[in-house]
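Below is one structure; the comments refer to it alone.
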Amino acid sequence: MSTINNNIINVSQVKRTYKTEVGIIKKKKKEVDALKGLSFSVNKGEIFGLLGPNGAGKTTMIKILTTMLTPSSGEVSVLGLNPVTDAKKLRPHINFILGGERNLYWRLSAYDNLAYFSDLYKIPRSEQHGRIQDLLELVGLQDVAHQRVETFSKGMKQRLQIARGLVNNPEILFLDEPSIGLDPVSARKLREIIRQLNDNGTTILLTTHYMFEADELCDRIAFIDKGELIEVDSPQNIKQKTNNVSVVEFSVIGIEATKIQEFTHHPDIHHVQFEQQEFLTKVKLHTTDPQGAVPIIYENMKGAIIQDLSITKPSLEDVYVQLIGGKVS
Amino acid sequence: MMRALFQTIRVHMGISMARPMFQFIIWASPLFLATIAIFIYSSASPERIFHYVILGSGFMALWSSIVFSSASDINRERFYGTLEIIFVSPIPFAVILIGKIIGNTIWGFLSMVLSFVYLVFIFRVDITIPNPFTFLLAIIFVLFSLTVFSFFLSLAFTLSRQAEALMNFIEYPIYLVCGFMFPVAILPIWVQPISYLLPPTWAIELLRQVSTENSNNVALHSSVLGLLAVTLVYIVLGIICYRAVEKKARIYGKLGVY
Numbered sequence: 001m002s003t004i005n006n007n008i009i010n011v012s013q014v015k016r017t018y019k020t021e022v023g024i025i026k027k028k029k030k031e032v033d034a035l036k037g038l039s040f041s042v043n044k045g046e047i048f049g050l051l052g053p054n055g056a057g058k059t060t061m062i063k064i065l066t067t068m069l070t071p072s073s074g075e076v077s078v079l080g081l082n083p084v085t086d087a088k089k090l091r092p093h094i095n096f097i098l099g100g101e102r103n104l105y106w107r108l109s110a111y112d113n114l115a116y117f118s119d120l121y122k123i124p125r126s127e128q129h130g131r132i133q134d135l136l137e138l139v140g141l142q143d144v145a146h147q148r149v150e151t152f153s154k155g156m157k158q159r160l161q162i163a164r165g166l167v168n169n170p171e172i173l174f175l176d177e178p179s180i181g182l183d184p185v186s187a188r189k190l191r192e193i194i195r196q197l198n199d200n201g202t203t204i205l206l207t208t209h210y211m212f213e214a215d216e217l218c219d220r221i222a223f224i225d226k227g228e229l230i231e232v233d234s235p236q237n238i239k240q241k242t243n244n245v246s247v248v249e250f251s252v253i254g255i256e257a258t259k260i261q262e263f264t265h266h267p268d269i270h271h272v273q274f275e276q277q278e279f280l281t282k283v284k285l286h287t288t289d290p291q292g293a294v295p296i297i298y299e300n301m302k303g304a305i306i307q308d309l310s311i312t313k314p315s316l317e318d319v320y321v322q323l324i325g326g327k328v329s
Numbered sequence: 001m002m003r004a005l006f007q008t009i010r011v012h013m014g015i016s017m018a019r020p021m022f023q024f025i026i027w028a029s030p031l032f033l034a035t036i037a038i039f040i041y042s043s044a045s046p047e048r049i050f051h052y053v054i055l056g057s058g059f060m061a062l063w064s065s066i067v068f069s070s071a072s073d074i075n076r077e078r079f080y081g082t083l084e085i086i087f088v089s090p091i092p093f094a095v096i097l098i099g100k101i102i103g104n105t106i107w108g109f110l111s112m113v114l115s116f117v118y119l120v121f122i123f124r125v126d127i128t129i130p131n132p133f134t135f136l137l138a139i140i141f142v143l144f145s146l147t148v149f150s151f152f153l154s155l156a157f158t159l160s161r162q163a164e165a166l167m168n169f170i171e172y173p174i175y176l177v178c179g180f181m182f183p184v185a186i187l188p189i190w191v192q193p194i195s196y197l198l199p200p201t202w203a204i205e206l207l208r209q210v211s212t213e214n215s216n217n218v219a220l221h222s223s224v225l226g227l228l229a230v231t232l233v234y235i236v237l238g239i240i241c242y243r244a245v246e247k248k249a250r251i252y253g254k255l256g257v258y
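Quick mapping for you: the protein sequence lines, in order, are chains A and B.
Just so we're aligned, residue 1 is where the first sequence starts under the working numbering, counting upward by one.
Just so we're aligned, residue 1 is where the second sequence starts under the working numbering, counting upward by one.
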């Protein structure tokens with residue numbers, strides 16, 4: 001992975017407001033601020049992750065960077081070009097993949113899809129055939145090249161989308177939740193492809209909900225929430241920022257949610273996360289005093305059965321949940 | 001650029017014909033329309049049958065196909081999730097749009113020819129065109145004009161998610177207002193100005209004029225000039241709308257919403 005410090009994407013104080021109308025007869029105009037002054041930059045050759053909950057503004061940001069959307073205010077530069085005013089110059093050098101199964105012609109074969117998109121990206125005919133074969137091989141679809149896309153599984157469609165996004169050999173590839181809905185094997189294959197592309201020099205900006213994916217792939221990540229930047233740094237540095245925090249994790253049987261929420265009143269417990277399952281509740285406490293927290297847990301949960309108690313260092317997901325999720329989630 | 005245009009025509013024609021509904025519109029619907037028209041005009045003169053049955057039913061087939069090219073295809077691209085992709089590809093969106101319209105116009109024209117053949121072979125309708133070469137030139141001009149009009153309509157559909165409803169709304173009124181199966185002159189006076197603002201009215205009028213045995217030169221010239229004028233107006237409107245769409249689609253951000 002390259003560490004050249006050469007910004008090829010610069011985003012400065014970008015705001016984007018969507019205007020919608022609500023109601024049928026008496027229409028009321030409603031404004032939603034998707035981005036509220038977002039700033040970050042991406043270095044040449046890196047994999048940059050944009051992470052945040054649903055509605056955080058990740059897709060809006062990608063659409064602005066890929067010339068699909070105009071920001072309400074702020075400055076954006078991609079490869080030194082303004083995506084709003086220099087869209088025509090910029091488009092041949094970038095490409096994007098939006099997650100899910102759509103964005104392909106299902107009634108065409110994989111090969112015909114790539115051939116058509118190659119024409120739309122002005123790839124010379126002399127290069128097309130070889131490049132399409134290489135791309136189909138890269139995403140493991142060479143054996144089904146002439147089958148209609150409608151016969152493909154979700155994972156195959158998503159891999160074909162990756163190939164589509166590479167028809168013009170882009171300098172920057174934007175990936176919006178590329179692994180959404182994929183089974184673990186397909187998701188792993190996708191991560192391998194992303195790493196391979198990056199090794200070949202493609203700068204990648206991706207959004208994802210999967211923290212382990214971001215941790216594994218990204219050189220740097222930005223957490224955004226409600227259109228605002230929360231944190232931007234390497235996954236390592238972000239995790240180190242919570243170095244004095246430990247995660248106490250356990251399962252408990254026979255306790256009500258309100259009792260778990262009471263932990264938030266304790267000064268050394270910074271975040272409480274719990275998930276109610278069929279027979280038990282899984283609880284995670286973020287604390288600066290794990291040794292002190294353990295007796296408090298047993299004290300507060302008298303009569304309940306506590307199992308699998310462990311003390312670990314926070315993962316990227318723990319940091320994300322702590323930063324985005326507030327005191328309880 | 002030209003390669004992308006031809007590829008769009010080819011790909012689009014293939015995708016369209018893969019849909020059963022489109023197959024019905026192109027291969028079956030014209031036969032029903034032609035049958036209705038021939039029963040209505042069965043006792044009319046051969047020239048009148050040519051003007052109102054052959055051209056009328058053929059034009060209905062052509063129009064249905066073009067309306068579909070303008071509205072449903074844009075909506076379908078929106079549904080496929082490919083509208084955003086083609087919108088931001090290096091090939092101008094206008095070229096892709098025109099490619100799609102030409103693709104559907106070719107299918108529509110074939111549908112029109114099918115309607116002719118059906119009437120000639122099944123109902124033994126006599127077709128006599130006094131000057132086939134002039135008629136051919138007129139057909140090319142008509143197809144060009146309808147493509148321009150369709151381009152203008154499709155731009156409205158690019159921004160609107162209600163395109164499907166609008167498409168259904170305008171499909172049949174155009175049959176009536178543009179006088180596909182009867183002269184526009186029998187329409188109420190207040191409807192006629194609307195008719196003459198629409199290229200299909202002039203288009204079918206031109207084809208009727210060039211296929212009339214002793215055509216009046218004044219009437220022929222006025223229909224040529226009329227079609228030329230409305231075509232130029234829709235070219236200008238199309239360019240203005242295209243620029244607005246290019247800007248507004250990126251402001252509204254609804255190309256991917258279906």
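Even for Gly, the Cβ is constructed at its ideal location relative to N, Cα and C.
Note that the coordinates shown come from a computational prediction; the quantities given were computed from them, not determined experimentally.
When secondary structure is reduced to three states using DSSP, V167 of chain A falls in the coil class, being assigned neither helix nor strand. Annotation: N95 of chain A is outside any alpha helix (DSSP H); the continuous beta strand (DSSP E) that includes it extends over I94 to L98. With a threshold of 8 Å between beta carbons, Q23 of chain B makes no contact with chain A.
Taken in chain order, the complete beta strand (DSSP E) segments of 3 or more residues contained in the segment 231–280 of chain A are 246–253 and 269–276. Under the Cβ distance rule, S89 of chain B counts among the residues neighbouring chain A, one pair being separated by less than 8 Å. Around I85 of chain B, the beta-carbon contacts reaching into chain A at under 7 Å are N103.
Taking 8 Å as the Cβ-Cβ cut-off, the segment 76–94 of chain A approaches chain B at V84, A87, K88, R91 and P92, given in chain order.
For R107 of chain A, the neighbours in chain B by C-beta distance under 7 Å run, in chain order, I15 and A18.
For G58 of chain B, the secondary structure class from DSSP, reduced to helix, strand or coil, is helix. By the rule that beta-carbons nearer than 8 Å mark a contact, M61 of chain A does not touch chain B.
Around the beta carbon of T312 of chain A, fewer than 16 other beta carbons sit within 10 angstroms, so the residue counts as exposed. With 16 or more other CB atoms across the displayed protein chains lying within 10 angstroms of its CB, R76 of chain B is buried. Setting aside the 5 residues that flank it on each side, P92 of chain A is surrounded in the same chain by Y121, K122 and N168, each with a C-beta closer than 8 Å to its C-beta; the list follows chain order. In terms of beta-carbon proximity, T158 of chain B stays away from the interface with chain A, with every pair separated by 8 Å or more. In summary, K157 of chain A is buried, with 16 or more beta-carbon neighbours lying within 10 Å of its beta-carbon over all protein chains present. For L51 of chain A, the pairing in a beta bridge is given by DSSP as A:T208 and A:F223.
By the rule that beta-carbons nearer than 8 Å mark a contact, K36 of chain A does not touch chain B. Runs of alpha helix (DSSP H) with 4 or more residues, each lying fully within the segment 60–136 of chain A, are found at 87–90 and 110–120, listed in chain order.
Chain B places a beta carbon closer than 8 Å to that of K122 of chain A, counting this residue as a contact. For K313 of chain A, no alpha helix (DSSP H) run applies, since DSSP gives it neither H nor E. In this structure, the beta-carbon distance from E21 of chain A to K28 of chain A falls below 8 Å. The criterion of a C-beta distance shorter than 8 Å is satisfied by L83 of chain B and I74 of chain B.
Around E150 of chain A, the same chain offers W106 as residues with beta carbons nearer than 6 Å, after the five sequence neighbours per side are excluded. A residue is called buried once 16 or more other Cβ atoms fall within 10 Å of its Cβ, and L316 of chain A is buried on that count. Using a Cβ distance threshold of 8 Å, T201 of chain B and G179 of chain B count as a contacting pair.
Look at A4 of chain B: its C-beta is under 8 Å from a C-beta on chain A. Residue pairing from DSSP places L175 of chain A in a beta bridge opposite A:I97 and A:L206. A straight line joining the alpha-carbon of A244 of chain B with that of S72 of chain B spans about 21 Å. Contact residues of the segment 235–251 of chain B toward chain A are R250 and I251 (C-beta to C-beta distance below 7 Å).
According to the DSSP assignment, S41 of chain A belongs to the beta strand (DSSP E) that extends over K28 to N43.
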